[in-house]
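Numbering (the numbering used here), first residue to last: 40 to 283.
The structure appears below as structure tokens.
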Amino acid sequence: MTVRPIKTSLIKVGDDLSEVIAQSVPELAEGSVMVVTSKVVAVSQGRAVAKDQTDKEALVRQQADRYIDSHQSRYGVTLTIKDHLLAVNAGLDQSNADQNYVLLPSNSYQSARQLWHFLRRQYAVERCGVVISDSTTFPLKWGVIGRALGYCGFVALNDLIGRPDLYHQPMSFTKVNVAEGIAAAAVLEMGEAAEQTPLCLVEDVTHLRFQDRPPTSQELEDLLIEPEDDVFAPVLLAAPWQRG
């Protein structure tokens, strides 16, 4: 697998993201996946709120599907569920955002689909993919890692259930989330500070199967686990969630 971050112009609220991509990426090889940070997707959608015009905690609660009051956190952050993802402050970001809070994209899967169609037209390729990435944290470990908020153009979940392991025992639970793995590799290379590389080209991904269509609603649903079915259900269900 090769991972190549792409430097762009400074993307501002309302900029045309497709135009930025066309100016920054002169060519796209067959079999490439373009990873795009959720922040520049959101900024291009105008999803930025001036800090001096809003109350941050109220905005977080408005954006969250579920939230835990910030008083429960020693760091004063609001733990949330947003778009079926655990997130701090419903994904609000104030780094590299000037004097704004940048929200998550309005619909990351729709954004990925639109960019996928654009790439196929712009670069005359058949086999390509798009991942909308974000940075997140893991419980019990320091450090951020990339994750996928949306994707298009390939099979995101490789189901290994029933396949034999090294000792010929069938796999019982394992499914490989390809989109998440691609996002993690790309975000590592794109960086978190002043790199100004919100795009990344990922090529030669092992076991990646491209599709000539966007994911179906069933394929998107297959990625999700309801809290009561999750292996972490004892923790998730015991938390004092409130509706956003």
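Beta carbons: idealized from backbone N, C-alpha and C, even for Gly.
Contacts around residue i, its chain only, beta-carbon distance under 6 Å, and the 5 residues preceding and following it disregarded
i, result
"Lys46", "Gln235 and Thr236"
"Leu188", "Ser77, Ser147, Ile171 and Asp173"
"Val215", "Asn197"
Residue i to residue j span [Cα, whole Å]
i, j, result
"Val72", "Tyr162", "13 Å"
"Ile50", "Ile60", "11 Å"
"Ala233", "Ser134", "10 Å"
"Ala126", "Ser211", "29 Å"
"His246", "Gln111", "42 Å"
"Val191", "Asp261", "The sequence given here places Cys at residue 191; Val does not occur at that position. Distance between the alpha carbons of Cys191 and Asp261 is about 14 Å."
"Thr213", "Asp268", "15 Å"
"Met40", "Ile184", "18 Å"
"Thr176", "Gly182", "6 Å"
"Ile264", "Asn128", "21 Å"
Cβ shell of residue i (< 7 Å), same chain only, five flanking positions each side left out
i, result
"Ala68", "Glu242"
"Glu228", "Val42, Pro44 and Cys239"
"Leu259", "Tyr148"
Where residue i falls: helix, strand or coil (DSSP)
i, result
"Val59", "helix"
"Gln161", "helix"
"Gln111", "helix"
"Arg186", "strand"
"Tyr148", "helix"
"Lys46", "coil"
Bridge partners - residue i, DSSP secondary structure assignment
i, result
"Gln101", "Per DSSP, none; premise fails for Gln101."
"Ile200", "BP columns for Ile200 are empty, so no partner."
"Gln282", "For the sequence presented, residue 282 should be read as Arg rather than Gln. Paired residue(s): Arg105."
Cβ-based neighbour list, residue i, same chain, cut-off 8 Å, excluding 5 preceding and 5 following
i, result
"Lys90", "Gln133, Gln138, Asn139 and Tyr140"
Check whether the region 116-124 touches the region 150-159, taking contact to mean three or more Cβ pairs, one atom from each stretch, closer than 8 Å. No: fewer than three Cβ pairs fall under 8 Å.
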